[in-house]
Structures are given as structure tokens and as C-alpha cells.
Amino acid sequence: MSRIAKNPVSIPNEVTVQINEQKIQLKGNKGTTAYIYSNLVEIKLVNNTLQFAPLNDSKKASALAGTTRALVNNMVQGVNKGFEKTLSLVGVGYRAQLEGKTLNLTLGYSHPIHFNIPESVTIETPTQTSIVIKGIDKQQVGQIAANIRAFRKPEPYKGKGVRYADEEIILKEAKKK
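Heads up, the sequence shown is in our numbering, so the first residue is 11 and it goes up one at a time.
See below:
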């Protein structure tokens, strides 16, 4: 059995869990989310903890049990506390501005970039050079942050571009004569 699947997921008091056939639904103070898991995995709710076990001894069932446990753990954290990614814009004239459900980015191109924000995610711009992405789905928050970063990745000589707040860019040395 997967070592990850052996660890139970503890459920906080604010989170309610419903398990129906192959679907688990979580409801917390940040929102609700659901996941349809494989029929090779068994989920049990025992004393405010979720326990995961593969239904047979196959390698695939063991792997799916560990994957399901990790995904459900992220769902519990998401509906309870939520997830957050922070991006910073480095460069002269690089700005981010929020207009309704659209994020307008000025990243040194000849045109502004308009990024439409999905319904399940909120984006804030505390300053013109920082973007905060919040949501209950860890994968979606990370993917949106990666999509925004892909508009202008940090370049290796001056470090200009969109980077994660905790990311360190190793700058290359300029060419010498």
C-alpha cells in the first residue's frame, strides 16, 4: 500500500464531508468542492478523519489511493483556509491593473495584455507591481499563476519579467570584451 495513503486526513470542525458512491464532497467556510475518485480506492470517514485504502493489491490501486489522499487533503485545506500565490512584476513600466473581471498587464510589449479571470478564483493587485491570486483549488491557483507568468518570464540578464514572490532568479554575467 502507498505510504501516503496510510496517513489519514483529519477534518476540521468547520468542514463537512459527504461520501456518495464514488464522489466525495467537501463544504467549508471558503466554499464547496467535489471530486470523483476511482473505483479502485475506498474512502472511510472515521472519527473526523478520512482513511484511504486500495480495494485490491495491484500497483495501480495503491498509486491511486495515494493520489486520492493527496488530492482530498488539498481539498480540505482549500475549503478551510484557501490557497494563495503572489506574483511580482520587475521592470521599468511593468504594471498590473484590475478592471472588473479582467486583469490588464503592461509588460513592455507594444500592446496591453488582457487576462480574463475565472469565476472560482479572485485576483487582487495591492500595488501596481504585485498580483495576489486566491482560490480553493490548489491546481487552478497554480495554473493561473503560471499562465500569467508565461506572458513575460524573467529574463536571465537583468531579471525583468513576471516572477513568483518567493522566486530567486540567478542572473547571468554580461559578455566581456
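Beta carbons: idealized from backbone N, C-alpha and C, even for Gly.
Cutoff 7 Å; reference residue i; Cβ partners in own chain excluding five residues on either side
i: V19; result: T59, L60, R79, V82, N83 and V86
i: G3; result: Summary: the structure shown does not reach residue 3, with the chain confined to residues 11 through 187, and so no result is reported for it.
i: F201; result: Any property of residue 201 remains undetermined from this structure, which presents the chain solely from 11 to 187.
i: K186; result: none
i: I14; result: G76, R79 and A80
i: E165; result: G171
Sequence-distant residues of its chain with Cβ nearer than 6 Å to residue i (five each side left out)
i: E52; result: A63 and L65
i: A175; result: T96 and S98
i: I133; result: L113, I127 and I143
i: Q28; result: Q35
i: S48; result: L74
i: K163; result: G171
i: L151; result: Note that residue 151 is Val in the sequence shown, not Leu. Cβ within range, chain order: F93, K95, I143 and G145.
Any non-hydrogen atom of the ligand GTP within 6 Å of residue i CB
i: V142; result: Looking at this structure, you won't find the ligand GTP or any other ligand, since it has none at all.
Short Cβ contact (7 Å threshold) for residue i with residue j
i: K95; j: I143; result: yes
i: F93; j: K148; result: yes
i: G76; j: I146; result: no
i: S72; j: S12; result: yes
Extent of the continuous beta strand (DSSP E) to which residue i belongs
i: N114; result: T112 to T116
i: S140; result: S140 to G145
i: G171; result: G171 to Y174
i: I133; result: V131 to E134
i: K95; result: F93 to V100
Counterpart residues of residue i in DSSP-defined beta bridges
i: F125; result: L113
i: P64; result: V51
i: K37; result: T26 and T42
i: Q107; result: N114
i: T59; result: S20 and V56
Buried versus exposed call for residue i [16 or more other C-beta atoms within 10 Å across all chains shown]
i: I158; result: buried
i: Y167; result: exposed
i: I180; result: exposed
i: V56; result: exposed
i: V102; result: exposed
i: A156; result: exposed
Beta-carbon contacts of residue i that lie in its chain and below 8 Å, excluding the five residues immediately before and after
i: Q138; result: L99, R105, A106 and Q107
i: E183; result: none
i: K33; result: A44, Y45, I46 and Y47
i: T135; result: A106, Q107, L108, L113, I141 and V142
i: L50; result: P64, L65, N66, S68, K70, A71, L74 and A75
For residue i, the first and last residue of its enclosing alpha helix (DSSP H)
i: V89; result: K69 to N90
i: K16; result: R13 to K16
i: N157; result: K148 to R159
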